[in-house]
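Q: My structure is below; once you've seen it, I'll send some questions.
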Amino acid sequence: MSGRSFTSDAYRYGFNGKEQDQEGMGGGASTYDYGFRIYNPGIAKFLSVDPLTKKYPWYTPYQFAGNMPVWATDLDGKEPEFQGSTPNQYACAPIKDGCTDEPYGWSWDGCDWIQGDKLNYRGGLKNPWEDITGDLNTEYDSKQEIVDWRNCSDLPDEGTGCHEFAFSGSFRNGISLETQDAQNEALTLYYNFINGSANDLSSFLSFGANSVMAGILQDEAFFSLLGSSFTRSVQNYFELNGSLNGFDGTKAISDFRLSMKTCGENYLNSQLYMFTVMGGYCTLDVQINEIVDRQVSLTITIWDHFGADSGDAVSNLPGLASLYYLQKNTISNNIKYKPFVWNIRANYFGK
């Protein structure tokens, strides 16, 4: 009614409907509680990093509403939510309140977001858990004793201790050119094989996007070629269709693998460190996080077995024949020397 107004100090809510603290924190007159973070409107920043920073490395850890404060709101300090602006506008995001962080494509129909296809894809040689026990049938080539035992001639012939010594020396030499942090991550793999601490076939070791190993992987030629090849496939499909519904990411991975095989290269071997810890791979996972103005954000996960296969039994590469010997001759009666599944996850940004 005209001429009437009402105010109350008991009302605790304000900007974006969040609870307001009148006393403020971080130098502001008032701050707002977003549940996961505290927002200071005086400096237009949160006072702590986004708990989902690892998922969105292209944003500053202190970003608000995906750096779109004019047309987006920040629900709880974690992810932005916004309405579409034009019909057929396309966005990538997980299901709201979903149980996983797997992204889907979403199309704006003028009123609502319409959920599209899931945007993660798998390709490669085989499922990571397939044949995890490794090859046990190929005969170990005793001629490799000269290669693997050259530093332990005082130990008994065909002795497990000597083979462990030979494999250890070769593995440590292969990772020695990188930083101590990188070596420590690689030695996690080594000790899990030697000590048998990763012998549960349902579990695996994983090095995330913020690991030192992921940073080294990003400099690997194989990784860069995979990222650029997959990005081109995404860009071409999106330009033709305006969305990624129906995009066959598994075929894009397969086409890349075929092109690498044709060139005679399908290994992670441009750096001695990566060639030592992984070399080959079992499976490639590629997840599309975002596509904006031809810029594509991907998360690539490379899966492998840490262990030996039949080719390693007669390999001339230092340490591999001994690795095979340990696996073949002790796996049936010991928790040690068992192969296991592991992966590295790294981000790729393509234009």
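This note's numbering applies: residue 61 is where the sequence shown begins, and numbers increase by one.
Backbone N, C-alpha and C define an ideal beta-carbon position, used for all residues, glycine too.
(1) Run through DSSP, which three-state label would Tyr-397 get?
(2) Tell me the DSSP secondary structure of Lys-419 in three-state form.
(3) For Ser-382, is the classification buried or exposed, using 16 other Cβ atoms within 10 angstroms of its Cβ as the cut-off for buried?
(4) Mark Gln-240 as exposed unless 16 or more other C-beta atoms lie within 10 angstroms of its C-beta, in which case mark it buried.
(5) Tell me which residue opens and which closes the beta strand (DSSP E) that Gln-295 is part of.
(6) Within this structure, are the beta carbons of Gly-287 and Ile-348 separated by less than 8 Å?
(7) Take Val-356 and list the residues in its own chain whose beta-carbon comes closer than 6 Å to its own, dropping the five residues that flank it on each side.
(8) What residue range is occupied by the uninterrupted alpha helix (DSSP H) comprising Val-272?
(9) Quick check on the burial criterion: 16 or more other C-beta atoms within 10 angstroms. Buried or exposed for Gln-82?
(10) From Cys-342 to Ile-174, what distance separates their C-alpha atoms?
(11) With three or more beta-carbon pairs closer than 8 Å as the criterion, would you say the region 302–312 touches the region 175–183?
(12) If the criterion is Cβ atoms closer than 8 Å, does the pair Gly-41 and Phe-227 meet it?
(13) Between Thr-310 and the rest of its own chain, which residues show a CB-CB distance below 8 Å, the 5 nearest in sequence each way excluded?
(14) Among residues of its own chain, excluding the 5 on either side of His-223, which ones have a beta-carbon nearer than 6 Å to its beta-carbon?
(15) Checking the sheet assignment: what are the DSSP bridge partners for Ser-266?
(16) Pull up the distance between the alpha-carbon of Pro-399 and that of Asn-376, whole angstroms please.
A: Put simply:
(1) Numbered from 1 along the sequence shown, position 337 holds the residue referred to as residue 397. Coil, per DSSP.
(2) Residue 419 lies beyond the stretch modelled for the chain, which goes from 61 to 411, so this question has no answer here.
(3) Reading the sequence shown from its first residue, position 322 is the one you call residue 382. Buried, because 16 or more other Cβ atoms sit within 10 Å of the Cβ of Ser-382.
(4) Along the sequence shown, read from residue 1 onward, the residue named residue 240 stands at position 180. Classification for Gln-240: exposed.
(5) In the sequence shown, residue 295 corresponds to position 235, counting from 1. In the DSSP assignment, Gln-295 falls outside any beta strand (DSSP E) and within the unbroken alpha helix (DSSP H) covering 281–301.
(6) Working through the sequence shown from its first residue, we reach residue 287 at position 227. Working through the sequence shown from its first residue, we reach residue 348 at position 288. The answer is no: Cβ separation not under 8 Å.
(7) On the sequence shown, residue 356 is found 296 positions in, with the first residue counted as 1. Thr-291, Val-294 and Gly-410, listed in sequence order.
(8) In the sequence shown, residue 272 corresponds to position 212, counting from 1. That run of the alpha helix (DSSP H) goes 272–278.
(9) Here residue 82 refers to the residue found at position 22 of the sequence shown. Flag for Gln-82 reads exposed.
(10) To locate residue 342, count along the sequence shown from 1; it is residue 282. To locate residue 174, count along the sequence shown from 1; it is residue 114. Straight-line Cα distance between these residues: approximately 35 Å.
(11) yes
(12) Not covered by the structure: residue 41. The range shown for the chain is 61 to 411.
(13) In the sequence shown, residue 310 corresponds to position 250, counting from 1. For Thr-310, where only same-chain residues beyond five positions count, the Cβ hits under 8 Å are Tyr-181, Arg-182 and Gly-183.
(14) Translated into positions along the sequence shown, residue 223 becomes position 163. Excluding sequence neighbours, His-223 sits near Ser-382, Tyr-385 and Leu-386.
(15) Taking the sequence shown and counting its residues from 1, one reaches residue 266 at position 206. According to DSSP, which records beta bridges pairwise, Ser-266 is partnered with Asn-403.
(16) The sequence position of residue 399 within the sequence shown is 339, counting from 1. The sequence position of residue 376 within the sequence shown is 316, counting from 1. Going from the Cα of Pro-399 to the Cα of Asn-376 covers about 20 Å.
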